[in-house]
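Here is the structure we will look at.
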Amino acid sequence: MKKAILFILTVLMSFQFLSANSNTEAASDGNVSIEMWTKEGDADGTLQWTMALIEQFMAENPTITVEVVKKTTVDELREDFQTASLAGETPDLLWTVSDHAGPFLTADLIQSVDGLVDLSKFVETVTTAEGSWAVPMSSGNHLMLIYNKDLIQTPPTTTDELIAMGTELTTDDMYGLVYNQTEPFWFVPWLGGFNGKVFAADGVTPTLNTKEMVNALQFVSDLKNKYAIVPQECDYNAADTLFKEGKAAMIINGDWSLGDYEKLFGDKLGVTRIPMVSATKKWPAPYTAGIYLMVPKDIDAAKAKAAAKLIEFFTSKDVQYSQVNDFNRLPGLKAAYDAPKIKESSILKGSSYQLEVGTPMPTVLEMRAVWDGIKPELAQVLAGNISPADAAELMQESAVAGIAAQQ
Amino acid sequence: MSFEIVAKSLSQIGITLALILIAFGIVEAVIFLVYNKVLKAGDKALTGMLLAPAVIGLFLLIVIPLIYELVLSFSNMNLHHFKDPSFGITYFFDNIKRVFTTKILKKMTFWPLLFQTVLWTAIQVTFHVVLGLMLALILNSKIRFKELYKGILILPWAMPPVISGLTWRGEFHSEYGFFNIILRRLFGDAAAIPWMTDGFWNFVAMNITNIWMGVPFMMVICLGALQGVPSEYYEAAAMDGAGKGTRLFQITIPLIKPVLAPSVMLGIIWTFNNFNVPYFINQFMLETSDILVTALYRAAFTYNQYGFAAAFALVIFFILFGISIIYMKKTGALKAVGD
């Protein structure tokens, strides 16, 4: 027994020695290991692209080792990061969506990036009075009108034209227009088109029970119930499948889908703005955001330096070009807007054209309550269960309650 | 996935496992030494060493999280007070008061949510027991291809609940779902049901899904219990002229009750706390389809009200605890286990 105990203690001490020794080595020879969490997935090839970038970065910077952790959904990334922060086990870099900045800033989980990069070189980012909190990797993440040129030659420019074309195109096995009716993100552009906003000027007080909201709700309800140019019920997958199968002439979808659609339709893919609302003469205003790089708070100096180097690499002109060319994502780096593809590709021209009338997505914590306030009532309006006016009141009540719960 | 990634992952798992084994080795050695050298009771050392992994596991996985939850319920922790929450008895009473007096999420307060949860649990457990017992009785009789039927009927239980939930959600799609396609073909377009957008029909949809998922468990339990009922009872009852109904209620059910009662209690607890089905089938976040645990999830992880959610979880725990105690007293559910 004594021998066994001696053996266990010896093994333990060896582990301790090896562990201490490796740490000492890391500190003395400048090797740094960092962990990055990403929301990119492998279905559209963006995760593979990210991994290839990491390999390239590590080859160019042999003293830095980067471990990539892929999170299945953006919500999983957010929840896990919050939990990891509580445990003091955060990653060293986050590659995620801009709206995470709201909760992360409120909880004081990310650090300012002002000292890490020259932010004047980038498109708009998340900024407060205390500083800037993220580096834009890509810009956009916005919705637009995408159409199949085999089915329509000239896309509609106004909602009247949209309805007329949609009515003509909709048959038993074909829809004029499809979009994800389940998520308020697809409703927000119409609200903008009817001059509405989800927040008052202070940026945190919800304004959902307005005339503009009622008009926008009435409009989307009419598309379905009066003009019947959209399916009776349609989530993201249904809309995407219908469009890909040629059973829908137009789809409202985001820039993330362009790479896939381009592969499928090639020259037959058209991209333009969501049609102007005829009643207001105003363009619908989809939310614009992008993919941002955020640095968690309280990571040590060596890791922060390595993370900054990785950010610099991701936002280099070559990588930004590659993002444009391979995935039709508009760059976060202003200088990369001279990429030949942006000037030549009708797809990216259309995407940029839509981006011009987009509106930055609020990154405040209160936005969660607004999304959750709109979602069920929007569904009820589309189902014809309640009037737009009643829905608007219920949305406001719900958002106010949600915001109160967050305090 | 490249070989390097697989090798790296395996090496990480290997190191973790090795460290766990070493830690347990040390614990076992310490226990051995304590029993032998300190307590001078070497004959009991083996018992302590065998029990240690389970005790440590339960402590780490159950006791610590429970204590942590209890501590959180005494705090004002949310995203505004994430790193520096305050703790105190007043926060605890505030959180508990909020559970019963304010809107849990958006419109609904605690009591309607509790009613929905009880209704959901009652419907589910009733269907699970009745259908499970019926199927078990059929499978316990002399029929052909019994094993094949058993295999097919157990399938829903074997499938991961998340996959089943998402698959069923697809079947409730208003245009492309199985139900509405059948209804349209049989009765025309007007017969299609708004499974996802109408509160009532969404509640029906989640009930159908969970009945499908839950019946096999009860069927297996009932079948096991039925196979333990001696056939002599039925033969004697038949000689006395007892009909099928009399045999079922006077012989079968009383004899399988010691097995059935704890299973029903488990069914109540699982259904009351069932998260997957109400969450996945309720695509539009209709509050009419929320039950207490889905509301708890949204409070904790959507609205980040950690202190409040911990207090809310305690309330749910004590409700279930109360139901279980009453049920056990009324049915003697664990009597057979105790005996």
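Residue numbers (my numbering), protein chains in the order written: chain C, 1 to 407; chain S, 1001 to 1339.
The beta-carbon is built from N, C-alpha and C at its ideal position, and this holds for glycine as well.
Residue span of the alpha helix (DSSP H) that contains residue i, given as start and end
i: I1181/S; result: F1178 to F1187
i: I54/C; result: T46 to E60
i: K1342/S; result: A question about residue 1342/S goes unanswered here, because the residues of chain S that appear run from 1001 up to 1339.
i: E1235/S; result: S1231 to M1239
i: G1214/S; result: G1199 to L1226
i: I403/C; result: P388 to Q406
i: V74/C; result: V74 to A87
i: G259/C; result: L258 to F265
i: L382/C; result: M367 to L382
i: V220/C; result: K211 to S221
i: G270/C; result: Per DSSP, G270/C belongs to no alpha helix (DSSP H); it is in the beta strand (DSSP E), L269 to T272.
i: K1244/S; result: K1244 to R1247
i: E312/C; result: A301 to F314
Minimum Cβ-Cβ distance from residue i to chain S less than 8 Å
i: L223/C; result: no
i: D326/C; result: no
i: S132/C; result: no
i: Y406/C; result: Sequence inspection shows Gln at residue 406/C; the Tyr mentioned does not correspond to that position. Judged by the 8 Å Cβ criterion, Q406/C is in contact with chain S.
i: D372/C; result: yes
i: S398/C; result: yes
i: D108/C; result: yes
i: E25/C; result: Residue confidence for E25/C is low, a pLDDT of 38 falling below 50, so the modelled location carries little weight and cannot support an answer.
i: A401/C; result: yes
i: P388/C; result: no
i: N21/C; result: Bear in mind that a pLDDT of 41 at N21/C, under 50, signals an unreliable position, so the number given afterwards is only what the model happens to contain. No, because no Cβ of chain S sits closer than 8 Å to the Cβ of N21/C.
i: P103/C; result: yes
i: Q218/C; result: no
i: A426/C; result: No information on residue 426/C is available, as it lies outside the stretch 1 to 407 that chain C covers here.
i: K263/C; result: no
Any chain C beta carbon closer than 8 Å to residue i
i: P1194/S; result: yes
i: Q1116/S; result: no
i: E1175/S; result: yes
i: F1082/S; result: yes
i: D1198/S; result: yes
i: M1206/S; result: no
i: K1097/S; result: no
i: T1294/S; result: no
i: L1186/S; result: no
i: T1302/S; result: yes
i: K1257/S; result: no
i: L1183/S; result: no
Integer Cβ distance of residue i from residue j, believed to fall under 8 Å
i: N180/C; j: A216/C; result: Their Cβ separation, rounded to whole angstroms, is 16 Å, which puts N180/C and A216/C out of contact at 8 Å.
i: E212/C; j: G196/C; result: 3 Å
i: P101/C; j: A134/C; result: A small correction: the amino acid at residue 101/C is Ala; Pro does not occupy that position in the sequence shown. So it is a contact: roughly 6 Å between Cβ atoms.
i: L177/C; j: L191/C; result: About 17 Å; that fails the 8 Å criterion.
i: S1073/S; j: F1092/S; result: 6 Å
i: Y147/C; j: P155/C; result: 5 Å
i: A1052/S; j: V1027/S; result: 6 Å
i: S138/C; j: G332/C; result: 5 Å
i: L1223/S; j: A1136/S; result: 4 Å
Run of the beta strand (DSSP E) containing residue i, from where it starts to where it stops
i: V1038/S; result: First-last for V1038/S: undefined, no H or E at that position.
i: A249/C; result: A248 to G254
i: E35/C; result: V32 to T38
i: M294/C; result: Y287 to M294
i: L93/C; result: L93 to V97
i: T90/C; result: Careful: T90/C lies outside any beta strand (DSSP E) and carries neither H nor E.
Closer than 7 Å at the beta carbon, the chain A residues around residue i
i: Q232/C; result: Protein chains in the displayed structure are C and S, and chain A is not among them.
* Asked: What are the start and end residues of each continuous alpha helix (DSSP H) run of 4 or more residues lying completely inside the segment 1049–1124 of chain S, in chain order?
  -> 1064–1073 and 1089–1101
* Assess, as a yes-or-no matter, whether the segment 129–148 of chain C is touched by the segment 249–264 of chain C under the definition of 3 or more beta carbon pairs within less than 8 Å. => yes
* How do the segment 1310–1328 of chain S and the segment 1085–1105 of chain S stand: do at least 3 beta-carbon pairs fall below 8 Å, yes or no? -> yes
* Asked: Can you give, in chain order, each stretch of the alpha helix (DSSP H) that sits fully within the segment 324–353 of chain C and has at least 4 residues?
  -> 340–344
* To do: Evaluate the contact criterion for the segment 279–289 of chain C versus the segment 73–91 of chain C: three or more CB pairs, one atom per stretch, below 8 Å.
  => no
* Runs of beta strand (DSSP E) lying entirely within the segment 1124–1180 of chain S, each at least 3 residues, in chain order -> none
* To do: Mind listing, in chain order, the continuous alpha helix (DSSP H) runs of no fewer than 4 residues lying wholly within the segment 132–190 of chain C?
  => 159–169
* Please specify which runs of the alpha helix (DSSP H), each continuous and at least 4 residues long, are wholly inside the segment 1252–1298 of chain S, giving them in chain order. => 1253–1272, 1276–1281 and 1292–1297
* Asked: Does the segment 1113–1125 of chain S come within contact of the segment 1009–1016 of chain S, defined as at least 3 CB pairs closer than 8 Å?
  -> no
* Is there contact here, the segment 1239–1248 of chain S with the segment 1178–1197 of chain S, by at least three beta-carbon pairs under 8 Å? -> no
* Asked: Is it true that the segment 201–212 of chain C meets the segment 365–383 of chain C, where meeting means three or more beta-carbon pairs spaced less than 8 Å apart?
  -> yes
* Counting pairs of beta carbons, one from the segment 343–358 of chain C and one from the segment 325–335 of chain C, are three or more of them closer than 8 Å? -> yes
* Asked: Is it true that the segment 1280–1300 of chain S meets the segment 1138–1153 of chain S, where meeting means three or more beta-carbon pairs spaced less than 8 Å apart?
  -> no
* To do: Count the C-beta pairs between the segment 1317–1333 of chain S and the segment 1199–1208 of chain S that are closer than 8 Å, then say yes if the count reaches three, no if not.
  => no
* To do: Determine, using beta-carbon pairs with one atom in the segment 262–281 of chain C and one in the segment 222–231 of chain C, whether at least three such pairs fall under 8 Å.
  => no
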